[in-house]
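First the structure, in the form of structure tokens, and then the observations on it.
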Amino acid sequence: MSQRFPLPAARHPLAARFLDDAAAVGEAIERFGSPLHVVFPQVIAENAAALAGVLRRHGVPYEIFYAHKVNASAALLAETSAAGLGADVASAAELDRALTAGFAPDRIEATGPKSPAFIERIAELGVTANADDLWELDRLAAAAPAGSAVPVLLRLSGFASPAVPQSRFGIDLADADAALETVRRAPGLDLRGVAFHLDTADPAARVDALTESMAVVAAAHRKGLRPSVVDIGGGFRQRFVDDPEPFQSYSQALAAAAPGELVWPGHDPSVSHKYANHRPTTEVLERFLAAELERRPVAEVLRECMLTLWIEPGKALVDHAGVTLASVLYRKRAAGRDLVVLDLSRNQVTPADQEVLLDPVLVDGHGEPPAEGVFLAGRLCLESDLVSRRKVFLESEPSSGDVLAFVNTAAYQMDLSASFAGGHPPPPKIAAVLEGGRFAFVADDHHGS
Ligand SMILES: Cc1ncc(COP(=O)(O)O)c(C=O)c1O
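Counting from 788, one number per residue, gives the positions in the sequence shown under this note's numbering.
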């Protein structure tokens, strides 16, 4: 047996229970087909409670807005509504889904770049507009009926601190004064607060962005505006593995391997996500609230300034809240390598073409692990459209008709890149709920974002 480099994924107990229940998996595939996305609403509720627990422990007034773009599932959205969260929507379609799921307009905020039609609906409903640009503010000011108070957050960027990653989104701090003036003069707008969203887990970056954002809050007060919210966006992590060590061994082996040995010829292994995190997803929030801002914990500063903290988690809320199932069609040998061919397309389980560095699990697999690693191939047409461009080391030998489960796919993996390419529709999505020791399944009619 040549050397093996398995990258085992952490499994939530509920997901593990489902994947260990071959009869439940078989029933899901038989009723809804393969490939199949399965979401677990009970897990998103648990994640929401964990994040809320951190905020409560720190005594911070807060609201949690679920960043719906992470997964188009109606079941997950409905669960966050039932849990009392708000919804962060990025389009008119997401806004409609949030309303259908039971969110009142005052529990919805709209983020990201917005079309004129979307802005009109935001103004009409009184949804909070998290403004991405001065252009949006002007449109919003024109659309908001005089005498109304359409809530507005200014999404800020262009922070001076080198710790804060640069962003193409938001209003540059140099334009913050002009933005405040636009809101001040608009009879139908109400400055609710300021916002940012950082794509990093670094607490120092968030503290620096908060410090610079507080200066805008102070400037707003000097203009007679009354902001009461600081929205720090999402960017809280996922917990992918129980143990980071296999990643270290794999990375070392990859660096030393001959081209084409551990990855498909021509594949650039640097294009992958950070899958080695084993710390709880709540830790990023915890560290931020406990970090020091002018020698006092952030939580204390927020309380003293009577600011409500808004967060917009996507991936931290859906962490472990879904798996993707695909049947094995056949095994073959090609290009001198072992392939497992699945009835799945790369873009149905791979976010933005970033290689997923977690091993799928063979449902009902038993026996010895295969001596060699295999590449996972699927249905799309480019030579590079493998489901896995790296060799994966499965725990047991797959054969035709077996089901392979991709673990922890609810964050962006199900919908972000899915398309109808090749006439293959995005896989159906179902919600699986554990009730009285059995899994009950319901079709989830929203798929494809
Ligand atoms: C404005 C905004 N808020 C929240 C999120 C959710 O981020 P995450 O899934 O990293 O929590 C995103 C993601 O793109 C975003 O753009």
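No residue lacks a Cβ here, since even glycine has one placed at the ideal position from N, Cα and C.
In the displayed model, tryptophan 1051 falls within coil according to three-state DSSP, outside both helix and strand. Between alanine 991 and glycine 1021, the alpha-carbon positions lie close to 15 Å from each other. Going by beta carbons, valine 1016 and leucine 976 fall outside the 9 Å limit. Under the DSSP assignment, serine 1038 falls in the alpha helix (DSSP H) whose first and last residues are 1032-1043. The straight-line gap separating the alpha-carbon atoms of threonine 987 and serine 948 is approximately 14 Å.
In the same chain as glutamine 1035, and ignoring 5 residues on each side of it, the C-beta atoms closer than 8 Å to its own belong to Ala1063, in chain order.
Annotation note: the region 888-920 contains the following uninterrupted alpha helix (DSSP H) runs of length 4 or greater, listed N- to C-terminal: 903-912.
DSSP, reduced to helix, strand and coil, places glutamate 1079 within a strand of the structure shown. Secondary structure of leucine 872 (DSSP, three-state): coil. Checking the 8 Å criterion, the Cβ of tyrosine 1199 is within range of a heavy atom belonging to ligand 1.
With a cut-off of 8 Å on Cβ pairs, the region 821-828 is in contact with the region 1194-1214, counting three or more such pairs. Going by DSSP, histidine 824 is part of the beta strand (DSSP E) stretching over 823-826.
By the CB criterion at 9 Å, valine 1194 and valine 1161 fall outside the cutoff.
The way I'd put it, the region 1045-1055 does touch the region 1168-1183; three or more beta-carbon pairs between them come closer than 8 Å. DSSP, read as helix, strand or coil, puts isoleucine 1019 in coil. In terms of Cα proximity to aspartate 919, the closest of Ala930, Ile906, Leu912 is Ile906. By the Cβ criterion, the region 866-879 is in contact with the region 893-906, since at least three pairs of Cβ atoms, one from each stretch, lie closer than 8 Å.
Rounded to the nearest angstrom, the gap between the Cα atoms of glycine 813 and alanine 1218 is 15 Å. The nearest non-hydrogen atom of ligand 1 is 8 Å or more from the C-beta of aspartate 1030. Ranking Ala1208, Pro1100, Leu1167, Phe1207 by CA distance to the CA of leucine 838 puts Pro1100 first. Valine 1115 carries a strand assignment under DSSP once its states are collapsed to helix, strand and coil.
By the Cβ criterion, the region 1132-1141 is in contact with the region 1161-1172, since at least three pairs of Cβ atoms, one from each stretch, lie closer than 8 Å. Within a 10 Å sphere around the beta-carbon of serine 944 sit 16 or more other beta-carbons, which makes this residue buried. Not one heavy atom of ligand 1 falls within 8 Å of the beta-carbon of proline 1138. Residue environment: glutamate 1073 is assigned as buried (16 or more neighbouring CB atoms within 10 Å of its CB, all protein chains considered).
Close CB contacts of threonine 998 within its chain, under the 7 Å cut and outside five residues either way in sequence, are with Leu1080 (chain order). Counting C-beta atoms within 10 angstroms of its own C-beta, valine 1229 has fewer than 16 neighbours from the protein chains shown and is therefore classed as exposed. The beta carbon of leucine 960 sits closer than 8 Å to the beta carbons of Leu943, Ser944, Gly945, Phe946, Ala947, Glu999, Val1003 from its chain, once the five residues preceding and following it are set aside; these are given in chain order.
At least one heavy atom of ligand 1 falls within 8 Å of the beta-carbon of asparagine 917. Look at aspartate 964 here: in three-state DSSP terms it is helix. No residue range can be given for phenylalanine 1180, since it is assigned to no beta strand (DSSP E) and is classified by DSSP as neither H nor E. Here phenylalanine 983 is buried. Its C-beta has 16 or more other C-beta atoms within 10 Å. For the pair alanine 888 and serine 868, the CB atoms are nearer than the 9 Å cut-off. Following the DSSP letters along the chain, one finds serine 1000 in no beta strand (DSSP E) but inside the alpha helix (DSSP H) bounded by residues 990-1009. By the neighbour-count criterion, in which a residue is buried when 16 or more other Cβ atoms sit within 10 angstroms of its Cβ, aspartate 1055 is exposed.
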